[in-house]
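Residue numbers (the working numbering): 1 to 176.
Cβ coordinates follow ideal geometry from the N, Cα and C atoms, glycine included.
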Amino acid sequence: MLRRLISIALLAWMGGFLVFAFDLPQPAHEQQTDAVVVLTGGAGRVDRGIKVLREGWAKRLLVSGVGREVKPHEFAAQYKVSSALMACCVTLGFEAVDTRSNAKETAGWIEAQEVKSVRLVTSDWHMRRAAMELRRTAPPGVAITEDAVPTHPTLKVMFKEYHKLIARSLAGALGE
């Protein structure tokens, strides 16, 4: 009996990993949202968020998890953002250091800005956990559009992220 339970658990784990690894979230289309939020930490994320802003698919941008040493003018120069666009539409968030604190920082910004819909930008392999954390902390009724940046993650990255997702899902089910 115990062997069967262990076998079933192992098969469920393996099946879940295969789905996780081979069905990565995709980029969103040109859907309009009130704002776009970029979680720092991966190539192409900030570029995608700025493109969303420039294309008019969102009116405001929060970049969550910016290093404290980064100055707004340095950010603007690196990503070729005009001072007018920085002043009106870009917020740099310096409080977050991980996915959970990204969600907390973002939820506070969403509430302060009275945002009703947000496009979440992060790497494809990171999207499921990031979206789960944001849905837990965002104000009620906020629509979240997942806009994944395609990557080519290693097996190690996928394996680690899959287990983080499982752990955070279990923690959420148990009330944190």
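Open item on the list: Checking the sheet assignment: what are the DSSP bridge partners for Glu146?
Closed with: Translated into positions along the sequence shown, residue 146 becomes position 146. Beta-bridge pairing links Glu146 to Leu120.
Open item on the list: Whole angstroms are fine: how far does the CA of Leu5 sit from the CA of Asn102?
Closed with: Working through the sequence shown from its first residue, we reach residue 102 at position 102. Working through the sequence shown from its first residue, we reach residue 5 at position 5. So the two alpha carbons sit approximately 37 Å from each other.
Task: Helix, strand or coil at Val90 according to DSSP, with G and I counted as helix - done: Start at 1 with the first residue of the sequence shown, and residue 90 comes out as number 90. Here Val90 sits in strand by DSSP.
Task: Closest Cα partner of Ala35 within the set Val121, Arg100, Pro153, Arg136 - done: The count along the sequence shown starts at 1 and reaches residue 35 at position 35. Minimum Cα distance to Ala35 is reached at Val121.
Open item on the list: Does Trp109 pass the burial test, meaning 16 or more other C-beta atoms within 10 Å, or should it be called exposed?
Closed with: Within the sequence shown, the letter at position 109 stands for residue 109. Classification for Trp109: buried.
Task: Beta-carbon proximity check, Arg135 vs Arg168, cutoff 8 Å - done: Position 135 of the sequence shown, counting from 1, holds the residue named residue 135. Position 168 of the sequence shown, counting from 1, holds the residue named residue 168. 8 Å or more divides the Cβ of Arg135 from the Cβ of Arg168.
Open item on the list: Just to confirm the assignment, what range does the alpha helix (DSSP H) spanning Val46 have?
Closed with: Translated into the one-based positions of the sequence shown, residue 46 becomes position 46. Its alpha helix (DSSP H) spans residues 45-55.
Task: alpha helix (DSSP H) segment containing Leu177, residue limits - done: The structure shown does not extend to residue 177, since the chain is modelled only from 1 to 176, so the question has no answer here.
Task: Where the beta strand (DSSP E) containing Ser82 begins and where it ends - done: By one-based count along the sequence shown, residue 82 stands at place 82. Where Ser82 is concerned, there is no enclosing beta strand (DSSP E), given that its DSSP letter is neither H nor E.
Open item on the list: Let me confirm a value: Ile8 is counted as buried when at least 16 other C-beta atoms fall within 10 Å, else exposed. Which label applies?
Closed with: Locating residue 8 in the sequence shown gives position 8, counting from the first residue. Taking a 10 Å sphere around the C-beta of Ile8, we find fewer than 16 other C-beta atoms and assign the residue as exposed.
TODO: Go ahead and pull the three-state DSSP assignment for Val97.
DONE: Translated into the one-based positions of the sequence shown, residue 97 becomes position 97. In this structure, Val97 counts as coil in the three-state DSSP scheme.
TODO: Can you tell me which of Val63, Gln31, Thr33, Glu161 puts its alpha carbon nearest to the alpha carbon of Val46?
DONE: Against the sequence shown, residue 46 aligns to sequence position 46. Measuring C-alpha to C-alpha distances from Val46 to each of Val63, Gln31, Thr33, Glu161 identifies Val63 as the nearest.
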